[in-house]
Amino acid sequence: IMERKTRVKINRKEVMLAKLRKNCSCTPKKLKNFVMDFFPVLRWLPKYQYKEYIWGDVMSGLVIGIILVPQAIAYSLLAGLKPIYSLYTSFFANIIYFLMGTSRHVSVGIFSLISLMVGQVVDRELLLAGFDLNDDAPPALGDGSLQNDSHSNTTAFNLTIAGINAECGKECYAIGIATALTFVAGVYQVLMGIFRLGFVSMYLSESVLDGFATGASLTILTAQVKYLIGIKIPRSQGHGMLVITWINIFRNISQANLCDVITSAICIVVLVAAKELGDRYKHKLKFPLPTELLVIVVATLVSHYGKLNEVYASSVSGAIPTGFIPPKVPHFNLMLRVAVDALPLAIVSFVFTVSLSEMCAKKYAYTIRANQEMFAVGFCNIIPSFFHSFATSAALAKTLVKTSTGCQTQVSGVISAMVVLLVLLFLAPLFYSLQKCVLACIIIVSLRGALRKFRDVPARYHVNKVDTLVWVVTMSASALISTEVGLLVGIVFSMLCIIARTQRPRTALLGQIQDTNFYEDDLEYENLSCVPKVKIFRFEAPLYYANRNYFLKSLYRLTNLDPNLEAARRKKYEKKEKQHLKKGDHTTANGLGIRETTLQLVPKEIDFQVLVVDCSSISFLDTTGVNTLKEILKDYKDLNISVLLACCNPSVIDSLKTGGYFGKDLGSMQEMLFYSIHNAVQFAKDQK
602 IMERKTRVKI NRKEVMLAKL RKNCSCTPKK LKNFVMDFFP VLRWLPKYQY KEYIWGDVMS
662 GLVIGIILVP QAIAYSLLAG LKPIYSLYTS FFANIIYFLM GTSRHVSVGI FSLISLMVGQ
722 VVDRELLLAG FDLNDDAPPA LGDGSLQNDS HSNTTAFNLT IAGINAECGK ECYAIGIATA
782 LTFVAGVYQV LMGIFRLGFV SMYLSESVLD GFATGASLTI LTAQVKYLIG IKIPRSQGHG
842 MLVITWINIF RNISQANLCD VITSAICIVV LVAAKELGDR YKHKLKFPLP TELLVIVVAT
902 LVSHYGKLNE VYASSVSGAI PTGFIPPKVP HFNLMLRVAV DALPLAIVSF VFTVSLSEMC
962 AKKYAYTIRA NQEMFAVGFC NIIPSFFHSF ATSAALAKTL VKTSTGCQTQ VSGVISAMVV
1022 LLVLLFLAPL FYSLQKCVLA CIIIVSLRGA LRKFRDVPAR YHVNKVDTLV WVVTMSASAL
1082 ISTEVGLLVG IVFSMLCIIA RTQRPRTALL GQIQDTNFYE DDLEYENLSC VPKVKIFRFE
1142 APLYYANRNY FLKSLYRLTN LDPNLEAARR KKYEKKEKQH LKKGDHTTAN GLGIRETTLQ
1202 LVPKEIDFQV LVVDCSSISF LDTTGVNTLK EILKDYKDLN ISVLLACCNP SVIDSLKTGG
1262 YFGKDLGSMQ EMLFYSIHNA VQFAKDQK
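Residue numbering for the sequence shown is 602 to 1289, as defined by this note's numbering.
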């Protein structure tokens, strides 16, 4: 007989007070540990093994920096902002994560999905403010506009938008929206870190994240097609953006710019061929080929000396100034406008960063602190928002490149930031003649990994049909409605799938495996023997209010006996029998004798006297679950059928005790509860 350990009563009030005293006390040692934990660089940098690490860090930092520059310029199209702001974002994110991050290998910076989410909010607010979303419309000068725009023909607007009463043009207002959105997202992430809400990421399953990334990739691809073929169509906003954009593309396909089409075709062929060759021979290459940078350099030279903008009206990036714009506090009134949009942005940014950090930590045998990652990503958004930057996250492609090129620590991030700084200070104006179609090609080719998920659908379906359905629903909603709605739909739908699984779980009658003490599903396995006069019922889910009815229906169906109907039928016959006896008639209403009626009152279909409920898969019981078990105990007892419970875990036993299942004194507990199915069956046989 197994006996439960006596639980030591815990005074929760004293425990809470002790924790408060411990956390609120301030000693020099605790202050030092707090600072060291908040800035992990103070722990690992003094122990930096220069001879072993420096070559790998410098090499990976240079490679990532070379990749970052063209990607930053390209992703500015997604965010609806000027390329200079993308370069600022890449610079500041690497520096801050170097100071605060706990992962040694993650590459934090500009990310396509985050840029898309920022761009959708920026476009919406620009439309509401009355600006034209046409990319080639001349920017307006004003507070925050760039120095090099002074030579262009511009018009200034005196706007009172969201409480901003200043001379502010389209570009100024766009970056104001982006920085306000980024600041609020960062605040959300820091608050989540303070209140330890990292568990929120658990509700974003792998299927939801993959579906979201694939759906967003389709949206990104659609948004870049107009640059590929050089047509001028309005940037679609709101739900159904993907469909509306494709309709506009086909309506204006006749206006395609032949120069852009040819340039795009050449760039895509070169980029895809280089990527495929790089994937095939990556074990022979010490570092990946800087194909994007080479394409940008060659395309810029061809565009400049061929005068493609002047002769063929090919759209180019335009002036990219050097240096830094003076810092500016994000507008509070704009924060109120984008507060709701910042929440999914904060969650997605954090989830991608933590998942990649955990992947790298597992691969290279070290640990990260998810809560500190929340702080790191939060401040990677808060601080840069004062310097005209927008939201950041860890990026899978750059992280994989970083690890493959010998990265050892986040010193590589500082090297990458120095490469970006070099472009910011000296080289940015050289990209004036770079065609936008080249940037669109870089973005589209970078989506290969996400779009290849379509090839995995059959294999995914073979592994798990429900997860595949979650992926399809999330992907479709993200692409056809909007990215934010798609993420919400994916989370809700995956939760509904979990609820549906527990509402209609597998149920089975068990048979005994021959010559053993084990029992299994008699529909799944052959050569199982039935136990005479005993039915063994298994329910493979928690028993709670949502699946109570399904539990009872399954039990009655598999045992071929509904005790309520049987009890009602017996009462009906007993009532009719009494009526006939009062009349002095020795035959019942059926024309049968009393003895024959008595035989008929015991139905032939009741072929068992004991019901054993296998509770091994029942993880918990709520009040409804306990009452359901009490109900079947009473109903079957009225038919002289015993109900025995087997394989209950301690929490289920506690719920049964507190629910009064075993009676007040628990005296009959040993005759109702068993630690294995075989013990229950043996007890039933002994009580024959």
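Note that beta-carbon positions come from the ideal geometry of N, C-alpha and C, so glycine has one too.
At the C-beta level, V1086 and A1078 come within 8 Å of one another. Here the alpha carbons of V955 and M1076 stand approximately 22 Å from one another. Cβ neighbours of A998 within its own chain (closer than 8 Å, five residues either side excluded): S1047 and G1050. When the alpha-carbon of S704 is set against those of C1042, K1136, V1067 and T968, the nearest one is in T968. Of the residues assessed, T1224 falls on the exposed side of the cut-off, its CB having fewer than 16 other CB atoms within 10 angstroms. Closest in C-alpha terms to N1250, from the list T1229, V1244, K1238 and Y1276, comes Y1276. With a cutoff of 8 Å on beta-carbon distance, V670 and V1024 are scored as near each other. Bounds of the alpha helix (DSSP H) holding V1002 are L997 to S1005.
A straight line joining the alpha-carbon of E1127 with that of L1111 spans about 11 Å.
Looking at the DSSP output, D1122 shares a beta bridge with L1111. H706 and S802 have their C-alpha atoms roughly 21 Å apart.
Looking only at C625, R608, M701 and N612, the smallest Cα-Cα distance to L643 is reached by M701. If you look at I1100, you'll find it isn't in any beta strand (DSSP E); it sits in the alpha helix (DSSP H) that goes T1084 to Q1104.
DSSP places K1066 within a helical segment (H, G or I) once states are collapsed to three.
For I921, the closest alpha carbon among the candidates A971, A675 and A1109 is that of A675. Shown here, V1214 sits in a strand according to DSSP, grouped into three states.
Of all alpha-carbon atoms in Q1036, G839 and E959, the one lying nearest the alpha-carbon of S904 is that of Q1036. Annotation: the continuous alpha helix (DSSP H) that includes I776 extends over K771 to I795. For R1139, DSSP records a beta bridge to A1109 and D1215.
By the 16-neighbour rule on beta-carbons within 10 angstroms, P629 is exposed.
Ranked by Cα distance from I667, the options A1018, G799 and G1091 are led by A1018. Beta-bridge partners of F1209 (DSSP): K1134.
The C-beta distance from L678 to Y828 rounds to 7 Å, short enough to fall under 8 Å.
From the listed residues S994, V809, Q838 and Y1033, the smallest Cα separation to T901 is found for Y1033.
When the alpha-carbon of I821 is set against those of K633, Y1120 and L1040, the nearest one is in L1040. Sequence-distant partners of A977 (beyond 5 residues in either direction) whose C-beta falls short of 6 Å from its own C-beta, in its chain, are Y698, M701 and G702. Counting the other Cβ atoms within 10 Å of the Cβ of A992 gives 16 or more, which makes it buried.
Closest option to E974, judged by alpha-carbon separation, among I834, Y965, K1154 and V791: V791. Of K964, I665, P684 and G787, the smallest CA-CA separation from A1029 is found for P684.
With a contact defined as Cβ atoms closer than 8 Å, E1141 and R1107 qualify at about 5 Å. Per DSSP, reduced to three states, the secondary structure at S691 is helical. Around the beta carbon of A619, fewer than 16 other beta carbons lie within 10 angstroms, which makes this residue exposed. Counting every other CB atom within 10 Å of its CB across the protein chains shown gives R608 a total below 16, marking it as exposed.
Residue pairing from DSSP places Q1036 in a beta bridge opposite V917. Here S806 carries a coil assignment [DSSP, helix/strand/coil]. In terms of Cβ geometry, S1130 and Q1115 form a close pair [threshold 8 Å].
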